[in-house]
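Just so we're aligned, residue 1 is where the sequence shown starts under our numbering, counting upward by one.
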Amino acid sequence: MKFHYKITASARTNLQEIADYWTSQAGADAALRILSRILETIITLSNQPRAGVGADQFGTGVRKFPSGNYMIYYRLYRSSRGIEILHVFHGARDQRKAWEGDGPKQE
């Protein structure tokens, strides 16, 4: 069965922040490598949506899965035919504060 994924506006913002950070710190090539790895993980998750572990503290049905130093938060569509990417945060960040939009960004 082929699954699909949707990246929410919040997750797009997270990805843009990651790209901006790595572009300023290490250049565009480094940013592209990191974003490519995250996207590869998202594609894998879309085909194996139950690979992540539950993260219900962030909402009913929320799951998480690592991609390098980043944590991808997602949930299955109600139809169970795809996933919705909710957020992507650096693993060193306080995840609760990141979800709340507080705390310093650490990429």
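Don't be surprised by glycine CBs; every beta carbon is placed ideally from N, CA and C.
Subject >> Cβ contact check for the region 41–58 and the region 69–86: 3 or more pairs under 8 angstroms >> reply: yes
Original post:
Which of helix, strand or coil does DSSP assign to Y73?
Top reply: strand
**OP:** Using alpha carbons as the reference points, say which of I83, R37, G101 and A98 lies closest to H4.
**Re:** It is I83 whose Cα lies nearest to the Cα of H4.
**OP:** Classify R96 as helix, strand or coil using the three-state DSSP reduction.
**Re:** helix
**OP:** May I ask which residues mark the beginning and end of the alpha helix (DSSP H) holding R12?
**Re:** A9 to A26
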